[in-house]
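In the working numbering, the protein residues as written are 33 to 873.
Here a beta-carbon is modelled for each residue, glycine too, at the ideal position from N, C-alpha and C.
Some notes on the structure that comes next.
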RNA sequence: GCCCGGGUGGCGGAAUGGCAGACGCGGUGGUCUCAAAAACCAUUGGGGUAACACCCGUGUGGGUUCGACUCCCACCCCGGGCACCA
């Protein structure tokens, strides 16, 4: 076959000539094409196998597919492929969350139309994504900025409007001065800055569109039949912030002599006798009516100052308490006591009623306020074991002791029952009632931006707010627009968009020029995947029922109180309208870790990103995929630096070894077959690997799955080096096939190629995972660790079948142990079967 | 301040009560080569020894246990989430 004699058997040169080198770029292109042509990755709606909807949070088309995206999508793809090899009809779609500010900013900055920028980015990203060889079902792709899709976003908005879940109202809202738009509460970060651009968000009183998510607060706290991380449910729970308590009416008399009930919300009605002052938020409407002329100057100054503070400054916990006395008094309904009414900025207008009863003895904030202002502190709880004095207190007494100074309630313990007694009493007295409060606010969904789904509403001077009739949907978003120098949305200056006629009266009317929050578009995309081309409806319920609820949803934890909360709300709302048959969209949830660059999430908006393209070109998609999964546990992510990339070499070498191993086994051999012991060892290694890898892949433990596969290939290489005749044995073929099948989800191209090289004609990806046979995995010899007083002193290779007494006899007769034990008798011998023996002296 | 994670060689990490450092990167030595690359073989936690022996070692300090990276208590550091919500 070769003409020269220099080529040595088994050398690299020989391999190259005989069977070709491993060339990732050639085989990857080839198989991607074959898979596309055979429709391997399209999930058929009528497939009889059990379905598995494997969903990943879809990307924003920033035009920059970086290694962080690859990491997410590879992990999801490995899992989906694994499920398919376990007999499921896996539906694994992908699309693009294509509305949003970056496109608009690009349009303003570079003069390119937002739709062009977005669609060309999508084309580019789709091409890049295809190089990773995922089983993405591109026939189901959705792009939220196309009329085919946003027609139904608009339609769903109308459905929510009809159901009374969408409304327009004036409210203090978050305004980002840099992005020139309002934001939902969920889009303002903890430090009071804009989630997108980092500018300090201010409060503005504006009329806006809201979704009534608060109506679902209690149901959002239920997680029926779903498997979510505790952490995520806790984050949502904290965000919703349910508090049980009571509404209690205090009476005030205004300067004009009018008697008014002022309700407060409290979770501690059992401390009503401890009220020594009454507090109002600076924005409370009663402040003006209660501030006496003597206090007016001080009050005006205080309120003016409070309004200039940012929300974050105002809510700074470290700040000392401030406030101004109104000069008026409120009547405590439980004992008719007169207490002074103060205004302070630590009372928030947006929570409860904007008025609070001050109980300094038992609330830390009120305590600090009382001490700062010199107001009295009255204990209505006393410790059980010793008496404390209010003058000597240094902090509030919270949830301890028993009731005092409270008439008929004295002596009751600190408990929910006691709280209930008080609630019952105030209800009987007619001065209050039980009430539940939530931290959750309604979801603000209108944006003063151009690049978003139009809100299908019309303003008519005669008929007010009129929804666009369904048959006129979609309201098309103009794609060719001119931005004004101030960067404001061009829609309101576009007469052909704004000017319309009223659907009711036919008279002239104006279109809504605000657009929908992109989070609304992403609150239902998983439904559209089930029926992506439907022209007559957002989705067909029967089609959705084939696939939903999503079996596995994967995405970053940063969406816990954003997308994941919104999508649950949306699903519940549609369920209530009879448009869905389930209440929870995502049965199982997994948060992958993130690829970090200098400690921060790798993303285009945050600076430095690493493109995978060069790595894929050099090492192949299979190597890059496996390398990313090899970095560590998938939920942990990884820090990306100069050293990270070096690890790719190891995985690339491994794939080369697998390739060569298969090439070598194709060689015919006239040698006599291997001995029984070698074959047993091979089978044992193979079946142990099946067990471990199948287990790991099912638990997202891709890094340890790969290391087990490396171990198997190392073992195979060693055994073959000692006995080349092993290649012709059926056990060897089993090992090779096992190796390829287990590796297939991680490195789909090379395994498909080699699978065909060894004679298969069907795709490896339609094959099922190898079956673990416990009998073949059993060890014949075990290593017994011998400890003396808990320290390892010896290791013995013993037959696996030996019983405890036999092991003890052998161990005690070894020179080391005998010497250590000496003439004495061991105090105790601990024996862990097949593992360890510890001799305590 | 509160609630979750996490802290292991030069590096990524493995081990969830039983041989700490699997697997891989990097390093060192070797084989092959005119040479280099690639590949392959050996070796690689620290101290110690001619080599063994032995000692130390999983953020820190205690505890439980025959035995602790693993469980308990206290603390330190890093990452994330929440934070005047009455």
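- Inclusion of residue 479 and residue 213 in the CB contact set at 7 Å is warranted, their separation being smaller than that value.
- DSSP places residue 629 inside the beta strand (DSSP E), whose first and last residues are 627 to 629.
- When the five nearest sequence neighbours on each side are left out, the beta carbons in the same chain lying within less than 7 Å of the beta carbon of residue 432 are those of 413, 415 and 446, in order along the chain.
- C-alpha of residue 184 to C-alpha of residue 555: approximately 12 Å in a straight line.
- Here residue 365 is buried, its C-beta having at least 16 other C-beta atoms within 10 Å.
- Within the DSSP bridge table, the entry for residue 414 names 434 as partners.
- The beta carbon of residue 384 sits closer than 8 Å to those of 296, 297 and 469, all from its chain and outside the five residues before and after it, given in chain order.
- Here the stretch 96 to 109 makes contact with the stretch 166 to 175; the two share three or more CB pairs at distances below 8 Å.
- Between residue 310 and residue 379, the beta carbon gap of about 10 Å keeps them out of contact (Cβ cut-off 8 Å).
- Partner residues in the beta bridge of residue 123, as assigned by DSSP, are 85.
- Under a 10 Å Cβ-count criterion, residue 240 is classified as buried, with 16 or more other Cβ atoms of the shown protein chains found around its own Cβ.
- Residue 201 is bridged by DSSP to 240.
- Counting C-beta atoms within 10 angstroms of its own C-beta, residue 522 has 16 or more neighbours from the protein chains shown and is therefore classed as buried.
- For residue 819, the enclosing beta strand (DSSP E) covers residues 813 to 820.
- Taking every protein chain shown into account, the CB of residue 458 has 16 or more other CB atoms within 10 angstroms, so this residue is buried.
- In this structure, the straight-line span from the alpha carbon of residue 219 to that of residue 230 is close to 11 Å.
- Around residue 496, the same chain offers no residue with a beta carbon nearer than 7 Å, after the five sequence neighbours per side are excluded.
- Distance from residue 705 to residue 757 at the Cβ level is roughly 5 Å; contact confirmed, criterion being Cβ atoms closer than 8 Å.
- With respect to the C-alpha of residue 749, the residue from 802, 686 and 774 having the closest C-alpha is 686.
- Per DSSP, residue 246 has no beta bridge partner at all.
- DSSP lists no bridge partner for residue 379.
- Under the three-state reduction of DSSP, residue 552 is assigned to helix.
- Note that the C-beta distance between residue 661 and residue 774 is not below 7 Å.
- Rounded to the nearest angstrom, the gap between the Cα atoms of residue 544 and residue 195 is 20 Å.
- When C-beta atoms of the stretch 783 to 796 are compared with those of the stretch 806 to 813, fewer than three pairs fall below 8 Å, so the two segments do not count as touching.
- Going by DSSP, residue 760 is part of no beta strand (DSSP E) at all; its letter is neither H nor E.
- Remark: fewer than three beta-carbon pairs, one from each stretch, lie closer than 8 Å, so the stretch 735 to 753 and the stretch 818 to 828 are not flagged as touching.
- When the five nearest sequence neighbours on each side are left out, the beta carbons in the same chain lying within less than 8 Å of the beta carbon of residue 326 are those of 359, in order along the chain.
- Looking from the CA of residue 375, the closest CA among 368, 362, 729 and 681 belongs to 362.
- Of all C-beta pairs linking the stretch 546 to 563 to the stretch 579 to 593, three or more are shorter than 8 Å, placing the two stretches in contact.
- Judged by DSSP in its simplified three-state form, residue 293 adopts strand.
- Linking residue 753 to residue 625 through their CA atoms gives a straight-line distance of about 40 Å.
- For residue 871, the uninterrupted beta strand (DSSP E) run begins and ends at 868 to 872, by DSSP.
- Fully contained in the stretch 469 to 548 are the following alpha helix (DSSP H) runs of length 4 or more, in chain order: 527 to 530.
- Put simply, the backbone Cα of residue 177 is about 8 Å away from that of residue 129.
- The way I'd put it, the stretch 80 to 95 does touch the stretch 565 to 584; three or more beta-carbon pairs between them come closer than 8 Å.
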